[in-house]
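Take 2 as the starting number for the sequence shown in our numbering and just add one per residue.
Taking it in order: structure first as structure tokens, then the write-up.
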Amino acid sequence: SSPLLEDINLSGANGVLVNVTAGVDLSIGEFQEVGDTIKQFASDDATVVIGTVIDPEMTDEIRVTVVATGLGQAVGAVERPMKVVRRAPPPAPRSREPNYTELEKPAVARKRAVGDGVTGNDSLEDLLDIPAFLRRQAD
């Protein structure tokens, strides 16, 4: 038990939410003392969240509100058996490897060869007559 917490035992708490309400005269040392006292009683792996409210009407007073969870619970991992919902079918074998040699030509040259009657034997200069931004859009 703690004099700060009015004889409430937080030993083993898994989660602690702390609200410190004080006036503008609250010092860092007082705030640190509240935090240290909470850490003494909470479990080592507890989640502790501390917040502060400044109330100008409170002078030379500190009000600490504590919400603690997981008191008196046995700590143990619960292992639930996993159940298979659906198995995926094995992947189908590939019929053949794709032919990437055609992709060595720029897309503009491939499309022009099919659509405009331009053969693949055209010079590179003809290809360069097309602005670069149009060639990139075609890819």
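The beta carbon of each residue, even a glycine, is placed where N, CA and C say it ideally should be.
Those residues which DSSP pairs with residue i across a bridge
| i | result |
| --- | --- |
| Arg-64 | Thr-22 |
| Val-86 | Its beta-bridge partners do not exist; DSSP assigns none. |
| Val-109 | Val-109 pairs with nothing; no bridge assigned. |
| Ala-69 | Val-17 |
| Thr-102 | Partner(s): none; Thr-102 has no beta bridge. |
| Ile-51 | Val-19 |
Exposure label - residue i; buried when at least 16 CB within 10 Å
| i | result |
| --- | --- |
| Val-21 | buried |
| Ile-86 | In the sequence as displayed, the identity of residue 86 is Val instead of Ile. Exposed is the call here. |
| Leu-27 | buried |
| Ala-141 | There is simply no residue 141 to check, as the chain begins at 2 and stops at 140 in what is shown. |
| Ser-2 | Below a pLDDT of 50, predicted positions are generally treated as unreliable, and Ser-2, at 49, falls in that range; no measurement from the model is reported. |
| Ile-55 | exposed |
| Val-68 | exposed |
| Phe-42 | buried |
Extent of the continuous alpha helix (DSSP H) run through residue i
| i | result |
| --- | --- |
| Thr-38 | 29 to 42 |
* Three or more beta-carbon pairs under 8 Å between the stretch 24 to 40 and the stretch 50 to 69, yes or no? -> yes
(request) Examine the Cβ distances between the stretch 12 to 19 and the stretch 45 to 58 and report whether three or more of them are shorter than 8 Å. (result) Output reads yes: the stretch 45 to 58 touches the stretch 12 to 19.
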